[in-house]
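Just so you know, the protein sequences line up as chains A, B and C, in that order. Going by the working numbering, the first sequence opens with residue 1, and the numbers climb by one from there. Going by the working numbering, the second sequence opens with residue 355, and the numbers climb by one from there. Going by the working numbering, the third sequence opens with residue 540, and the numbers climb by one from there. For each residue, glycine too, the CB sits at the ideal point set by N, CA and C.
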Amino acid sequence: MTTIAHSPHARAANSVSRIMATVMLALVPVTLFGFWLNGWPAVYLWTVSLAAALAGEAAALKFQRRAVKPALLDGSGVLTAWLLALSLPPWAPWWIAVVGALFAVVIAKQVFGGLGQNVFNPAMAARVMLLISFPLEMTTWVPPMSQPGLLDSLAVTFGGMQVDAVSSASLLGHVKTEFSRGLGLEQALAGHYAPLDALWGRRSGSLGETSALLILAGGVFLLARRIITWHAPVAMLAGVTLPALLMNLVAPEHYADPVYHLLSGGVMLAAFFIVTDPVTSPNTAAGQLLFGLGCGLLTYVIRTWGAYPEGVAFAVMLMNAATPLIDRYIKPRIYGRTRQGEPLMTRHAKKDAA
Amino acid sequence: MIAALISLTVLGTSLGLILGLAARFFKVEGNPLVEELEALLPGTQCGQCGYPGCTGAAQALAAGSAPLTLCPPGGRVVVTALAARLGVEADLSGVEDAGPRIAEVREELCIGCTRCYKVCPTDAVLGAAKHIHAVFSEACTACGSCVDVCPTEAILLRPAAPTLQSWGWGKPGLQPLAIAQGMAA
Amino acid sequence: MKLFKMRGGVHPEARKADSSERPIRILPLPPLLHVPLQQHIGAPAKPVVRVGEKVLAGQLLGVGQGHVTAPVHAPTSGYVVAIGDHPAPHPSGLSAATVTIAPDGEGRWFEYEVPADPFVLAPDDISARAGAAGIVGLGGAAFPSSVKLDASRQSGVDTLVINGGECEPYLTCDDRIMRERAAGIVTGIRLIQHAVGAGHAIVGIEDNKPEALAAMRAAAVATGVQIRAVPAMYPMGWEKQMIHALLGREVPAEGRSADIGVLVHNVATAWAVQQAICLARPLVSRIVTVSGGAVIAPCNLEVPIGTPVQALFDACGGFRTTPARLVLGGPMMGQQIVRTSVPVVKGTSGVLALTQAEIGRAAPAPCIRCSTCVRACPVGLLPLEIAARVRSDDLAGAVALGLKDCIGCGSCSYVCPSGIPLVHFFNYAKGDLAAQARSKAKQETTRKLAAERSARMERIVREREEAAAARKAAKAAKEAAARAAATTEAAA
């Protein structure tokens, strides 16, 4: 007995683990910046998140009697936990990372059937779950560059140290609070918002969401390596920019300008690392444009008129749910056929019709 | 009292009349489903399903008392066709589809008795009395009627040998693609 | 001139330099030639020679039967030593009807009448001669050329596209033939143009073959044949891709290129047409690329049809290492073979001996829906979705997503990061659908046979009953008559 291999007898040099590794490489600068900005607690949180995801995934695979090693080595679980860690408040207690990472890989991924089968982006699903379940821990921020020592940091992450004393609000949260107090945008932003700092990332915020510039650099790297395409990121940024521009023109005293929206919260990270997730985004370029646009618009809507100061995770999950529908209706035109799937008219048929 | 009686009587009579007329005018000759199902079956009346011919099998299928996989010569094609007509999910796990089979006469055992020739529902057996019989493979449905009547057990059902035209790729990742033995270059 | 942008496609490593710089060599005659009777799409040829018969080079061995078919000819002079089964150049490893010839070494040609001026021949005469010469598409599809010529002449085509794409990696046989035999190719192109009455002829050559482009441009001066460079990408050699790149026209689904007024032939086919018409030489040899990492000296050989593949490897110095895989054709669409005794046929453009490193790893991982296959598909299909349907045996669903429009180019499998054998899924499904269609057709036949038989049985029973009734009636009449006679007698 010999097995006969089907063509092609050549393969492009790429693999799932290589894709995951490249994405992680693109995340390194912004992650290191987050560590520097927020000190050791951020390092601990990141480490705990990755460890919990690996352990959870291994246990889930074992429980399903599936091969553990290849699934862990593909790197998808690590990447999920990494993205989740970047979206957490850097001084959050360790159990937030554990619960979030376990939820991401076990509930949001393995329960759906593992890699490639999940409907929702696992990192975003975990973030939404944490935000709803533990609103206090998920909205407690620290001012930038407050760097406790190694041991103090252990107390921050693992000892349940009260961080209220040093807490400060993220920009989006602050503005929302000020609005609820009846203040205008200008007053709310005064002394809190410096676009240049936001670009750089020297400000309060999630571990890996503060530096728009470094995220952009990672995104450009992925584009250059052809791991992602431009469609979903550009569409998402457009989806945030366009309504912001419009509303800002209509009522500048109440609606912030597009730059504020682009540089705040998780928009940049989501645009380049979340909405480009292959599993939960549409198959076609047109579908990805629609998907990204939807994510952007919903983010803006939730931020501006919703109860939560930040809407990226909700927006992404809503659009994840719409992805199968987008894929059902947006398909490439098949060669020789009309968009409806009918064969194109031949020269003779055209003549006959005319 | 009288009014109620009359009205109920009238109502009953007229409804009964309508029902009676409907039964007469919308009368269905036989069950059309049976006919449609019979058209999907091979029509060779080989009886391997255990029913008296394909009509019997079609009646049983229409009544829901027979599984879709009842027809061995029909194979997967018939199961899927029946499932599509009856609007049910085809369970193909029960169909042993070792590919098409055909009857083969072992010449050294054949005595030329013509019994197989007489029972073959599709006239696939060639030959005459006192001559060795052969099977016309294009017409053979592998119903096995000839196997049952052969006095010398000279007829076997064998999987049809693959040809360059009928060969196809196996499903990836399920079975290794077996090819002819003795592959030394 | 404007080139039209294509959708999809991939850029596999070309690996053409291994064989492209060596001139075509003529392979010495092997001890035996195995000429299969079916080397083309359509009905096999019927042998017209007997074992022991002496044949001359170019003499007819088998005549075509039916409409879509092609004859086969003796590649050299010699004796027919066998007519029977021989392993076919096919992944199944099955055998096929083959005429085996022992060359006598004289190489004497069978004399056919050579036309004084081939351009005064009637168009239908040219396609008839091409058909009689056994010419089939030499790009790999092996479709009988005369059938294509006749159909195109009847439906009317305005443009002849000559495919010099050669997008498969490794293969350089078309490259070499264009460099070395450009004049003959151009004559062949003009003959085909004449045969179908096409006003324009355009040769599309990938821009990674500058020498071939230059040679063809020089040969085409003042002939009206246009030579155009097209971007190098796979599958540029797919005829519909080539038509689109050169003309921007799209062949309707389920249709042929003639439907949009285009006829496509390969450059090597044009050369074969020139040989057949101008020199009256049937198609008995072809240029074959021998390459791959396991081959010591890759090159292009002019090989008599029927030569065992082993002889080609031997002529290239043998193997550097044990090849991990032997392939007939290019690496993207070629077919694996397991024995080197199979013969070279008309459609064999290359024989490759590949190492494991060239084949690449294949550890299938789950689909991550990255849609790289969607971007690679030149047809605009969703390979990942179709494969998922096929995997779960939902063939109807796969067909609804366009399975039948798949051209099997393998671009999707090539780029898949998860190593999913997408095109294998599609070819499995297509084979399964074909098998179902065959079994359905057979069922129709047998149903008819069964109905005829039961009608006959009924008739026999009825006739027997009628005969019995007739006999009974006759007997009764006889008895009645006898009784009547007796009564009369008694009365008398």
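| Item | Value |
| --- | --- |
| Proximal residues to Arg908/C (C-beta, below 8 angstroms), its chain only, five neighbours per side dropped | Leu923 |
| Distance between Leu633/C and Leu851/C (C-alpha atoms, nearest Å) | 21 angstroms |
| Between the CA atoms of His550/C and Ser685/C - distance to the nearest angstrom | 34 angstroms |
| Tyr618/C in three-state terms, based on DSSP | strand |
| For Ala165/A, the three-state DSSP class (helix, strand or coil) | Note that Ala165/A scores 44 on pLDDT, short of 50, meaning its location in the model is unreliable and no value can be drawn from it. |
| Leu785/C versus Gly678/C, Val742/C, Arg914/C and Ala1029/C, residue with shortest Cα-Cα distance | Val742/C |
| Closest Cα partner of Ile728/C within the set Val877/C, Val848/C, Ile876/C and Thr808/C | Thr808/C |
| Neighbour-count burial assignment, Arg460/B, 16 or more Cβ in a 10 Å radius | exposed |
| Sub-9 angstroms separation of Arg820/C and Gly597/C beta-carbons | yes |
| Residue environment, Phe273/A, which counts as buried when at least 16 other CB atoms sit within 10 Å | buried |
| 9 angstroms Cβ cutoff met for Gln399/B and Pro454/B | no |
| For Asn966/C, the three-state DSSP class (helix, strand or coil) | helix |
| Alpha helix (DSSP H) segments (min. 4 residues) lying fully within the region 853 to 904 of chain C | 895 to 898 |
| Segment limits, alpha helix (DSSP H) that includes Ser153/A | Leu150 to Phe158 |
| Enclosing alpha helix (DSSP H) for Gly936/C [first to last residue] | Leu934 to Ala939 |
| Residue of Glu592/C, Gly679/C, Glu560/C and Thr726/C minimising C-alpha distance to Asp656/C | Thr726/C |
| Cβ shell of Gly56/A (< 6 angstroms), same chain only, five flanking positions each side left out | Leu102, Val105 and Val106 |
| Straight-line Cα distance separating Pro654/C from Pro8/A | 44 angstroms |
| Asp714/C versus Arg18/A: straight-line alpha-carbon distance, rounded | 36 angstroms |
| Any beta strand (DSSP E) of 3 or more consecutive residues that is wholly inside the region 823 to 856 of chain C | 824 to 830 and 838 to 843 |
| Sequence-distant residues of its chain with Cβ nearer than 7 angstroms to Pro569/C (five each side left out) | Thr846, Pro847 and Ala850 |
| Ser206/A, DSSP secondary structure in three states | coil |
| DSSP-derived helix/strand/coil call for Ala556/C | helix |
| DSSP-derived helix/strand/coil call for Glu745/C | strand |
| Given 8 angstroms, three or more beta-carbon pairs between the region 873 to 883 of chain C and the region 25 to 42 of chain A | no |
| Buried or exposed by the 16-neighbour rule on C-beta atoms within 10 Å, applied to Val28/A | exposed |
| Residue-level contact to chain C via CB, Lys381/B, 9 angstroms cutoff | no |
| His254/A versus Gly182/A, Gly75/A and Val16/A, residue with shortest Cα-Cα distance | Gly182/A |
| Identity of the residues DSSP links to Asp624/C by a beta bridge | Ala636/C |
| Through-space distance from Trp141/A to Ser170/A, alpha-carbon basis | 6 angstroms |
| Cβ-Cβ distance between Gly75/A and Met124/A below 9 angstroms | no |
| Sequence-distant residues of its chain with Cβ nearer than 7 angstroms to Phe658/C (five each side left out) | His733 |
| Given 8 angstroms, three or more beta-carbon pairs between the region 971 to 981 of chain C and the region 422 to 432 of chain B | yes |
| Ala412/B versus Glu392/B - alpha carbon distance | 5 angstroms |
| Span separating the alpha-carbon of Ala165/A from that of Thr284/A | Note on Ala165/A: pLDDT 44, under 50, position unreliable in the model; no value is reported. |
| Exposed unless 16 or more other CB atoms sit within 10 angstroms - verdict on Ser931/C | exposed |
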